[in-house]
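Colleague:
Numbering (my numbering), first residue to last: 1 to 727.
Quick look at the structure:
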């Protein structure tokens, strides 16, 4: 028993180095648990035999388990299948899959043998593969290429030998170190590999947010063109090729398969950047059209000649296009400089007309007419400084929408071009009983307004004195008012002529009081002021006619003066009656056109059914509904108005007008004082008025007692005052 154990131990020690070598690689699979073996010598010998059998298998190949030594091609290109011979080796124990070439949809294999036996050939993805376990194999067969005459070799392949009876491999007949490469075969022989007879290339580069290119390639030759390779020296990213049966990019070259002896194609794509420009070696010259948008500038240097861009074979698309003729041996350098963009006004308010009407109860109804020019803004956040009640864009009513329930700003949709927006809003204010100021509410928006014009309307009994906050303060009393009131003061000063016996001091006081009374009448009652001036002028002219004219001339002059001054008085009275009591700018408001009436209902003879539901007026105070398109509200009536304007209004430079007003309650004491002054002036002329009335009465009585002829002559004589008789 002891000798048997020593024998087994010796056998194990002799095989130990091989076992250690078999266990070294980390990729070895985990040993399978053996099945139970019988005990004794039989079990020990069975375990030892299995261990010896498994010792030589070793690990499976973890990386590349094959080598491809040589691929040999023969035959005639384009005149039938080509013959190939591939020599390789398998480095692993067992069968492996060796990649061959492809793609399967363009390459057809026929009669393939391995070591003169039928080969196990299949394909997966874009390549064929050989399934073999031979340590060395020689693969022979025939292949038929597609129309583009290309062959993809995944490799790695040590050498490629092309011994072709006709045609050639474009890359060369002897190649080595091939890995993931596509070779191109040409029907021409080696003498024709230099390229086509005519190779005319025109290029256009368009610089914008990205650099795009368009190449026009025209080729002609006495024989078939075959596959053309175009170097991509500027790092072009080709997106499309028209005029080619198919294209691909390999490294820095564009592969263009052609058929026939002529080809015209257009290549488009993008560039990463511009740099050194040189013509293709096959071109005698090239056209280079360089264009840029307004946001980029392209500087071109070099010895290329600039010509008229109208001669470009590629159509121009930018007014900045420049055409260069680059001949063989010349170079050109192009540099792109992006220009710094500045903030610009995408939308601007051309004019903003706002009308604010204040009612006697303190309601403020505002209407805005905004004319704008838009070139890219979709919505405008508009704060109307009150509750919005109407919105329309370019005459079309819009629903009033907010960004949120608590947002004060409404969203106004803006159309592109020259458009208009109308907004109405409602708010409250308070008017003091005597005088005060009101901050006129103004809307707020983010656009720049070229001009904002404001008109404030006030009810009867409230008189505007000033409107501040515009480019210039607006006052109720202007220079023209002072001029007219000065004329009235002079007329009143000259018209005061009390009776004899008045002291000089009293006469001077009465004349000043008379001038003040007549001048202030312009601010209180303009029609009365006009009538007073006409009456005083008429009286002065009649007096002058009585002094300088007699008889029929006197009568004719009197009639003409009375008629002329009467006509002027009527015109002035009509003009004054249409103006406000305070000098201000009137506003003409035209309510929007009424919509066409809805057609009558055809249900029940024009009456609604009792069960019909809709937007009824039950619990809808004032006809207010939520979410409907609003209708405009006509502005309330107003009696007095005042206007102001402001140029270039922005959110940082707002227009905040303030109205100063006075009520009729505060004006009433001045009216009483005016009446007292008028009474004093009239009372000072009491004796003169009695004397005039007496003399007129005497003339009438004397004329009635005289004969008709003398009475007629006496009646036409105008009365003369005392100063006239003395004169």
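Even glycine gets a Cβ: it sits at the ideal position worked out from N, Cα and C. Nothing here was measured: the structure is a model prediction, and the numbers come from that model.
Quick check on residue 227: does DSSP put it in helix, strand or coil?
Modeller: strand
Colleague: The beta strand (DSSP E) with residue 503 in it runs from where to where?
Modeller: Premise fails: residue 503 is in no beta strand (DSSP E) and is neither H nor E.
Colleague: Which two residues bound the contiguous beta strand (DSSP E) that contains residue 299?
Modeller: 296–302
Colleague: Give me, in chain order, the residues of the same chain whose beta-carbon lies closer than 7 Å to that of residue 70; leave out the 5 immediate sequence neighbours on both sides.
Modeller: If the five residues before and after residue 70 are omitted, its C-beta is found closer than 7 Å to the C-beta atoms of 87, 158, 159 and 161, all from its own chain and listed in chain order.
Colleague: Looking at C-alpha atoms only, which residue of 202, 400 and 239 is the closest neighbour of residue 268?
Modeller: Taking only the C-alpha atoms, the option nearest residue 268 is 239.
Colleague: So for residue 538, helix, strand or coil by DSSP?
Modeller: helix
Colleague: Within a Cβ cutoff of 6 Å, which residues of the same chain sit near residue 377, ignoring the five residues on either side of it in sequence?
Modeller: 346, 347 and 414
Colleague: Going along the chain, which residues of its own chain have a beta-carbon closer than 6 Å to the beta-carbon of residue 423, five neighbours each way excluded?
Modeller: 368, 384 and 391
Colleague: Sort 379, 227 and 306 by Cα distance to residue 167 and report the nearest one.
Modeller: 227
Colleague: Evaluate the contact criterion for the stretch 214–226 versus the stretch 126–146: three or more CB pairs, one atom per stretch, below 8 Å.
Modeller: no
Colleague: If you draw a straight line from the alpha carbon of residue 504 to that of residue 467, how long is it in whole angstroms?
Modeller: 44 Å
Colleague: Let me make sure I understand the geometry here. Which of 230, 205, 206 and 201 has the alpha-carbon closest to that of residue 216?
Modeller: 201
Colleague: Would you please state the rounded distance, in angstroms, between the beta carbons of residue 441 and residue 357? I believe it to be under 8 Å.
Modeller: With a Cβ gap of about 12 Å, residue 441 and residue 357 do not count as contacting.
Colleague: Should residue 352 go down as buried or exposed, given a rule of 16 or more other Cβ atoms within 10 Å for buried?
Modeller: buried
Colleague: How would you label residue 519, buried or exposed, when you count the other beta carbons within 10 angstroms and need 16 or more for buried?
Modeller: buried
Colleague: Shortest alpha-carbon distance to residue 421 belongs to which of 656, 447, 454 and 372?
Modeller: 372
Colleague: Excluding the five sequence neighbours on either side, which residues of its own chain have a C-beta within less than 8 Å of the C-beta of residue 21, listed in chain order?
Modeller: Interpretation of residue 21 is limited by its pLDDT of 39, a score under 50 that renders its predicted location unreliable; no figure is taken from the coordinates.
Colleague: Alpha carbon to alpha carbon, what distance is there between residue 311 and residue 173?
Modeller: 43 Å
Colleague: Of the choices 151, 129 and 102, whose alpha-carbon is the least far from that of residue 77?
Modeller: 151
Colleague: Going by CA-CA distance only, name the one from 331, 692, 691 and 654 that's closest to residue 452.
Modeller: 654
Colleague: Where do the N-terminal and C-terminal ends of the alpha helix (DSSP H) with residue 674 fall, by residue?
Modeller: Start and end: 664–684.
Colleague: For residue 197, which option in 179, 233, 263 and 471 has the closest C-alpha, if you only look at C-alpha atoms?
Modeller: 263
Colleague: Run through DSSP, which three-state label would residue 516 get?
Modeller: Helix at residue 516.
Colleague: Can residue 496 and residue 507 be called in contact, C-beta distance under 9 Å?
Modeller: yes
Colleague: With distances taken from CA atoms, which of 700, 660 and 488 is nearest residue 641?
Modeller: 660
Colleague: Going by beta carbon distance, what residues of the same chain come within less than 7 Å of residue 66, once the five residues before and after it are set aside?
Modeller: Contacts found: 88, 89, 90, 91, 96 and 98.
Colleague: Determine the extent of the beta strand (DSSP E) in which residue 137 is found, giving its start and end residues.
Modeller: 136–144
Colleague: Give me whichever residues DSSP pairs with residue 449 in a beta bridge.
Modeller: Residue 449 is bridged to 349 and 649.
Colleague: If residue 631 sits next to residue 397, beta carbons under 8 Å apart, how far is it from one beta carbon to the other, in whole angstroms?
Modeller: 7 Å
Colleague: Is residue 148 helix, strand or coil by DSSP?
Modeller: coil
Colleague: Quick one, which of 691, 179, 293 and 647 has its alpha-carbon nearest residue 778's?
Modeller: The first residue shown for the chain is 1 and the last is 727, placing residue 778 beyond what the model contains.
Colleague: So for residue 219, helix, strand or coil by DSSP?
Modeller: Strand, per DSSP.
Colleague: When burial is assigned at 16 or more other CB atoms within 10 Å of the CB, is residue 370 buried or exposed?
Modeller: Residue 370 is buried by the Cβ-count criterion.
Colleague: May I ask you to list the residues that DSSP assigns as paired with residue 730?
Modeller: With the chain covering 1 to 727 only, the question about residue 730 has no answer from this structure.
Colleague: For the stretch 319–327 against the stretch 288–303, are there 3 or more C-beta pairs whose distance is under 8 Å?
Modeller: yes
Colleague: How should residue 700 be labelled, buried or exposed, when 16 other C-beta atoms within 10 angstroms of its C-beta is the threshold for buried?
Modeller: By the Cβ neighbour-count rule, residue 700 is exposed, with fewer than 16 other Cβ atoms within 10 Å of its own.
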